[in-house]
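Novice: I am attaching a structure below and will ask some questions about it afterwards.
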Amino acid sequence: MVSLSRMRIKKLLIMILCLTLVMQWGMVSGVKAASSLDIQVPGDQYVYLDMKPGGTIQLTSIADGVDVTDKTAWNAVNENGKNIADVDASGLVTFTGFNGNVTINASYDDNNKYVTLQVQNPSNTLLSVGIVGMAGSQMIDPYVFTYSNQPVQLALKGNYANGTTGRITSGITWTSTGVASVDGTGLVIFSGKNGVAKIEAKYNSFPVEFVTCDVDLKNTGDLSIQVPGGVFAYSPTPIKLRLFNGASEVTNAAVWTSSNNSVVTVNNGVVNFTNQKSPKVTITANYGGKSSEVTTSVNSVVESIAITTPISYSQNSVQMKLEATYTDNKKVAVPASDIQWSASPASVATIDNSGWITYKNNGDLTVTATYGGRSTSITGKVFNSNVLTSIKINETPSYSSTSVNLTLTGILAGGGSQSIVASEATWSSDNTSVASVNKNTGVVTYTGQYGYVTITASYKGLTASTQRVYIDPSTGIKDLKINELLYYSSSGQQLSLTATLNNGTVQDITASKATWSTNATSIASVDSKGYVRYTGNKGNVTITALYSGKSATISASIDPSIDIYDLRINETLYYSTTAVPLTLTATNRYGNEENIPSSKATWKSSDSTIATVNSSGSVSYTGKEGYVTISATYGNRIATQTEYITTDYNLTALDINEDLFYSPFPMQLSLSGTRYNGSTAVITSSSAVWSSSDTSIATVNSSGVVTYRGKSGNVTIKATYGNRVATKTGYIDANNTIEALNIESDLFYNTSPLTLILTGTLRDGNKQNIPLSSVSWKSSDTNIATVSNGVVTFKGRSGYVTITATYSKLSATVDAYIDTTVTLKQLTINESLAYSNTPVPLSLTGVLSNSTQLTISPVSAVWKSSDTSIATVSTSGVVTYKGKNGNVTITATYANRTAAVSANINTSATLSMLEINESLNYSSSPVTLTLKGKLVNGTTQTISSSSATWQSSNTTIATVKNGVVTFTGKAGYVSISASYGGRAASVATTVNTTTNPDNTNNTNSPFAITVNNKEVETRILNKIRNIKPLYTIPNYSDSGNHWASREIKIAKELELVSGYEDGTFKPNNNVTRGDFAIMIARTFNMPMSGGSYTPFKDVNNHYAKQSIMALYNLGIISGYQDMTFKPDNKITRAEVVTILSQLINFSKVPVTSNVSFNDTNKHWAANQIKQIANAGILSGKGDGKFAPNDNTTRAEAISLLLRTLSLNTNIKNALSSL
């Protein structure tokens, strides 16, 4: 055994000890750092609506479930340098009361976390006050209180939560101690003694504010007289002079003398003028062996005075200023305290002795000032947009088994509104046996009795009452329900309500009439209309709606990253020499779709030697062939696209999808390709090489945009993609220009922007979509809706609005009454899916929440196919079947609504026969044809007329659109054919003089030969079909209560007349002869004369010349013997009747009455008046009189025109249906 020395043993022990310490230190230093940090805010409240100065909240920091608040480094960052709040080392946040955002940062163990807190105190919340000095109406801040031998004006300055300041004029208690006194207005006067002066101000519950001043007067021996206003001049009223010995006032201790007592006397500084005889008078004051004097020119008197401060509303008091002009032309600013002020009426404003005016209410105001024997006044209108002008009760009484809180809204003078606390009003019920209301709270309690009741509220002299309604306890609300489930959406979600009544019926409740709230604003907020906006944070949230004493709630766990059940890549993979971007669409668990930014997903390629994909979803191909799968992961969902990539671009064919025809606008062409497996690939236009066969006719850029050059001729556009080529050839008719614009979309309220569809009708009748950015857009009321590049954004207010698109000299409009409670409730695809060899167009119908039905233009919607290998759908809703069997769903999305139609496509079930169900016979009214098809399997299928292609063999005899045939009235043979699914069907008829009712004696041809009966009927009926319900059409501002208000609306919609630029119609204005000629020519579409000849010497430069000559050439009107027409003369009732009689074939008009007038027997137009009256067009003015020589008003003229048109029974029936 080896022995160890003591020294070696000692060294060994020391080494063991050191090794132990090192191991322990390593274990300590190897402690794992915290993996997460979270900040807990009391109550999860991040917005504070009533945070007083000095208010605090305690934040807590949690790391891996452990409270580490005291170990956390805290700091606060206030927005824009404002002093909103601060945080101490313990996480205690102290607020100043000012509004704004403050971000609290927490750092612990290399982890950082922050929360943003927001203070939203009412903007007029007063946080603090302080004493300031005044220089006129201006506050001096900061202010140093020093001695003055003149009065010193002090005031209080208020600091408000919104960061503004203002002068406080009332409610202040002023006190003084020491060598100065202060009055109730803050005016300080020093006593002239040495010592300390202290002034204190107490306002409401704020701490007392004070200022102090050490007065140390030194008697310099200087003696001075102070004159009010600085000018000593004649005054019919006494003037008070003051004498100062240094800083001390010695007015009453001095001996005062006047150099001419017959003109001016003085006593203790009070000067009285007795006359104006002496040019100069000197006033002398003697004190302590010294003297001071002032001299006046008695003849220099106040000649005029003028108030220089205008009347203008101010939240704070304003000091009015006065300027005096003396006879020696000297202008002097007069001290306000030397002036006598008054303001009238006092209900609008009051003014104190110092000229400080305080505005109270809106209205006309007169301010008067008197000084130096003169008076002057100014008048003005006081307008404060925030003055309350009326109040309204927001709810309508409706039975409830529980008490119902009523709420009040105040309407401000400027058009805005404000909520009024119900407890500040006085409430009453006119029938307490049916319903009582707490007079202090506005809480209504229904007794269960049947009967009428009105609830009234009074507030600050204003009253409001509910509608007088009949309370039926059986229809009270039993249950309230929120119809939707909550799900995350970046664009938000509109909630709706239904109520189950006591009698079991269910009714919709307007969301804006309920009171909405959320329990977690950090997850989702909800506005007053029930629209939910998600913050993007994960967590639980509950939305609550209160209505008529009932509540409804809906809760959900929101997780933006996983709240989807399907994810798809929208594009197919195909070889390209340039990078190809891919896009993503997610479908949430409730079937709603949402575009996902590609950069938010994780992208991956299965074989980077064939294709790579970057973090933004852009695919780059290497040129190597083979299979590759591109995948995108978002949340817990994965989307993939797999394709065999070949450098010959995977295509067997390439096609240009659009036809070529002339357009003044650039036209975007698109490409599609057919793969080896028969599926369709969408090819990005910019990926191809484009060329034109004749650039003098049309050019095409690298993105496939064709620009026509204005030259007619044949042109071929070619696209080359890889080893595939597509061409499209067409004859370009440069004369086939756009002759009319049409806005194809209806207007209705939507929380998301609504994109309109604009088309142009070409000369050949074809329609072309017009780029929305190529035209000028305008909204008639931007408070209701704005429009930019055809995209309408609704502002959340109800009212009438007209959207106008203008291109060159063409314009199109769409107007509607926007009701924010009426939105698109349902979207329907009208056709079912069935295999066809040819493309099949789908159509859309929408239903608004008020049950109104709309025809939705297919190009307005976003279309998608669930399986493009079975069927594709174009952007205009045209379905193309690919020849493959299987299930497919076509969806259309429009205005936040989605419609879908599904089918199991069987390519063997093709159409074997197409039939038109009806025979074709002439009719003066449009004839509707319908279709049915027989399939090869023997079944029968109804074919939508709008899905087929219709054609007329002779459009001069009959035209057809979507199966609706319109006869022109001309004789001859015509065949109408329909094509669908590779099959065709036709019907025919021969129109002749015996089958054409227009050549027989009937009321559908009541007009004279000078009028094209058929054209008038067709044109007017087409216009009537496009007229919206009359109640939705706004009245002119002066015709709403007029007896002819209905006729005025109809005439406007028929474009027979128009109103004035100021929004009026002036229905009682007289019509001139020229204006009536325009009305007739426009109503009956008279052919205009393009020549310059006119037999009338007074119409050559008249605006109505074309119409006058059109009627003259047809023999309808004649002028006067002096070869004048007198177009600006007022037209009489007899003249109107005479012109109308020239337009009517009375042999074809039945006699409906036998009217006679006692004032027309010997009149030159007696026969025409009798004919028109017997036809039922007019009835006179009462008392058996017609008043033939009275002038005709605009309202009378349009009424007669509409009655004349109504001689055609089809037009009459159509007008009566409006």
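So the sequence shown is numbered by the working numbering: it starts at 2 and just counts up by one. No residue lacks a Cβ here, since even glycine has one placed at the ideal position from N, Cα and C.
1. So Asp1076 is in the alpha helix (DSSP H); what residue range does that whole segment cover?
2. Assign Glu80 to one of three DSSP states: helix, strand, or coil.
3. Leaving out the 5 sequence neighbours to the left and right, which residues in its chain are closer than 7 Å to Asn886 when beta-carbon positions are compared?
4. Opposite Ser259 in the DSSP bridges: which residues?
5. Assuming Val88 and Ile105 form a contact by the criterion Cβ under 8 Å, report the distance between their Cβ atoms to the nearest whole angstrom.
6. For my contact list, Ile570 and Ala640 are in at a C-beta cut-off of 8 Å; report their separation, rounded to the angstrom.
7. Val788 CB to nearest chain D CB: under 8 Å?
8. Quick check: does the Cβ of Ile312 come within less than 7 Å of any heavy atom belonging to the ligand MG?
9. What is the residue span of the alpha helix (DSSP H) that Thr238 lies within?
10. Using the Cβ count rule (16 or more neighbours within 10 Å means buried), how would you classify Val23?
11. What separation, rounded to the nearest whole angstrom, lies between the Cα atoms of Thr752 and Thr1153?
12. So who's on the other strand from Asn160, going by DSSP bridges?
13. Between the region 1047 to 1066 and the region 845 to 852, can you find at least three pairs of beta-carbon atoms closer than 8 Å?
14. By Cβ distance, which residues of its chain are closer than 8 Å to Gly800, with the 5 residues on each side in sequence left out?
15. Please classify Asp215 as buried or exposed, where buried requires at least 16 other C-beta atoms within 10 Å of its C-beta.
16. Go to Ile891, then tell me how far its beta strand (DSSP E) extends in each direction, as first and last residue.
17. Quick one: give me the first and last residue of the beta strand (DSSP E) that Asn216 is part of.
18. Taking its Cβ as the centre, do 16 or more other Cβ atoms sit within 10 Å of Lys1106, making it buried, or is it exposed?
19. Please confirm if the region 267 to 274 is in contact with the region 232 to 252, defined as three or more CB-CB distances below 8 Å between the two stretches.
20. If the criterion is Cβ atoms closer than 8 Å, does the pair Tyr622 and Tyr576 meet it?
21. Between the Cα of Ile771 and those of Phe795, Ala741, Ser780, Lys796, spot the shortest distance and give me the residue it belongs to.
22. Where DSSP assigns a beta bridge to Ser715, which residues make up the other side?
23. Leaving out five residues on either side along the sequence, give the residues of the same chain with a beta carbon under 6 Å from the beta carbon of Lys865.
24. Based on Cα-Cα distance, which residue from Ala334, Val823, Glu210, Tyr535 lies nearest to Tyr488?
25. Does Val788 come out as helix, strand or coil in the three-state DSSP assignment?
26. Helix, strand or coil for Thr1033, going by three-state DSSP, please let me know.
27. Please report the straight-line C-alpha distance between Gly1181 and Phe1187, rounded to a whole angstrom.
28. Once the 5 residues before and after Leu413 are set aside, which same chain residues still bring their CB inside 7 Å of it?
29. Pair every Cβ in the region 224 to 238 with every Cβ in the region 165 to 185, then say whether three or more of these pairs are closer than 8 Å.
30. Could you have a look at Val1138 and say whether DSSP puts it in helix, strand or coil?
31. Can you find at least 3 beta carbon pairs, one from the region 624 to 638 and one from the region 687 to 704, that sit closer than 8 Å?
32. Out of Arg1020, Asn1069, Pro582, point me to the one whose CA is closest to Trp1044's CA.
33. For Val527 and Gly934, I'd like the C-alpha separation in whole angstroms.
34. Between which two residues does the beta strand (DSSP E) containing Arg534 stretch?
35. Val438 and Val444: beta carbons closer than 8 Å?
36. For Glu324, does the three-state DSSP call read helix, strand or coil?
Specialist: For this structure:
1. Working through the sequence shown from its first residue, we reach residue 1076 at position 1075. Segment 1074 to 1084, the alpha helix (DSSP H) holding Asp1076.
2. Within the sequence shown, the letter at position 79 stands for residue 80. In the structure shown, Glu80 sits in a helix (DSSP, three-state: H, G or I).
3. For this step, residue 886 is matched to residue 885 along the sequence shown. Cβ neighbours of Asn886 beyond the five flanking positions: Ile906, Asn907, Thr908.
4. If you number the sequence shown from 1, residue 259 lands on position 258. According to DSSP, which records beta bridges pairwise, Ser259 is partnered with Ile284.
5. As a working note, residue 88 is residue 87 in the sequence shown. As a working note, residue 105 is residue 104 in the sequence shown. Going by Cβ atoms, the distance from Val88 to Ile105 rounds to 5 Å, so yes, they are a contact pair.
6. In the sequence shown, the residue the question calls residue 570 occupies position 569. In the sequence shown, the residue the question calls residue 640 occupies position 639. Right, their Cβ atoms sit about 5 Å apart.
7. This model lacks chain D altogether; it includes just one protein chain.
8. For the structure depicted, the ligand MG is absent and the ligand set is empty, with no information on it obtainable.
9. Stepping through the sequence shown from its first residue, residue 238 is reached at position 237. From DSSP, Thr238 is part of no alpha helix (DSSP H); its letter is neither H nor E.
10. Working through the sequence shown from its first residue, we reach residue 23 at position 22. Residue confidence is low: Val23 scores 45 on pLDDT, short of 50, so the model does not pin down where it sits. Its coordinate-derived value is still stated next. That one is exposed.
11. What you label residue 752 is simply residue 751 of the sequence shown in a count that begins at 1. What you label residue 1153 is simply residue 1152 of the sequence shown in a count that begins at 1. When rounded, the distance between both Cα atoms is 53 Å.
12. Counting from one through the sequence shown, the residue named residue 160 turns up at place 159. Looking at the DSSP assignment, Asn160 forms a beta bridge with Ser129, Thr166.
13. no
14. Taking the first residue of the sequence shown as position 1, residue 800 is located at position 799. Once the five neighbours on either side are set aside, the close Cβ partners of Gly800 are Asp782, Asn784, Ile785, Tyr818, Ile819.
15. As a working note, residue 215 is residue 214 in the sequence shown. Exposed, since its Cβ has fewer than 16 Cβ neighbours within 10 Å.
16. Position 890 of the sequence shown, counted from the start, is the residue given in the question as residue 891. Start and end: 887 to 895.
17. Taking the sequence shown and counting its residues from 1, one reaches residue 216 at position 215. A small fix is needed here, since residue 216 is Val in this sequence, not Asn. Start and end: 210 to 216.
18. Counting from one through the sequence shown, the residue named residue 1106 turns up at place 1105. Answer is buried; the Cβ neighbour count reaches 16.
19. yes
20. By one-based count along the sequence shown, residue 622 stands at place 621. By one-based count along the sequence shown, residue 576 stands at place 575. Yes, these two residues count as a Cβ contact at 8 Å.
21. For this step, residue 771 is matched to residue 770 along the sequence shown. It is Ala741.
22. Locating residue 715 in the sequence shown gives position 714, where the first residue counts as 1. What sits at residue 715 in the sequence shown is Asn, not Ser. BP columns for Asn715 point to Tyr732.
23. Mapped onto the sequence shown, residue 865 falls at position 864. Only Thr892 meet the Cβ criterion.
24. Within the sequence shown, numbered from 1, the residue matching residue 488 stands at position 487. Nearest option by C-alpha distance: Tyr535.
25. To locate residue 788, count along the sequence shown from 1; it is residue 787. Correct three-state label for Val788: strand.
26. As a position in the sequence shown, residue 1033 is number 1032, starting the count at 1. The answer is helix: DSSP assigns Thr1033 an H, G or I state.
27. For the purposes of this step, residue 1181 is taken as residue 1180 along the sequence shown, with counting starting at 1. For the purposes of this step, residue 1187 is taken as residue 1186 along the sequence shown, with counting starting at 1. Distance between the alpha carbons of Gly1181 and Phe1187 is about 4 Å.
28. Within the sequence shown, residue 413 is the residue found at index 412, counting from 1. If we look at Leu413 and ignore the five residues flanking it on each side, its Cβ neighbours are Ser386, Asn387, Val388, Leu389, Thr390, Gln419.
29. no
30. For the purposes of this step, residue 1138 is taken as the residue at position 1137 of the sequence shown. In the structure shown, Val1138 sits in a helix (DSSP, three-state: H, G or I).
31. no
32. As a first step, residue 1044 must be located in the sequence shown, where it is residue number 1043. That would be Asn1069, whose Cα lies nearest to the Cα of Trp1044.
33. Your numbering for residue 527 matches position 526 in the sequence shown. Your numbering for residue 934 matches position 933 in the sequence shown. Those two C-alpha atoms are separated by around 51 Å.
34. Here residue 534 refers to the residue found at position 533 when the sequence shown is read from its first residue. Note, Arg534: beta strand (DSSP E), 532 to 535.
35. Position 437 of the sequence shown, counting from 1, holds the residue named residue 438. Position 443 of the sequence shown, counting from 1, holds the residue named residue 444. A contact, by the Cβ cut-off of 8 Å.
36. Position 323 of the sequence shown, counting from 1, holds the residue named residue 324. Here Glu324 sits in strand by DSSP.
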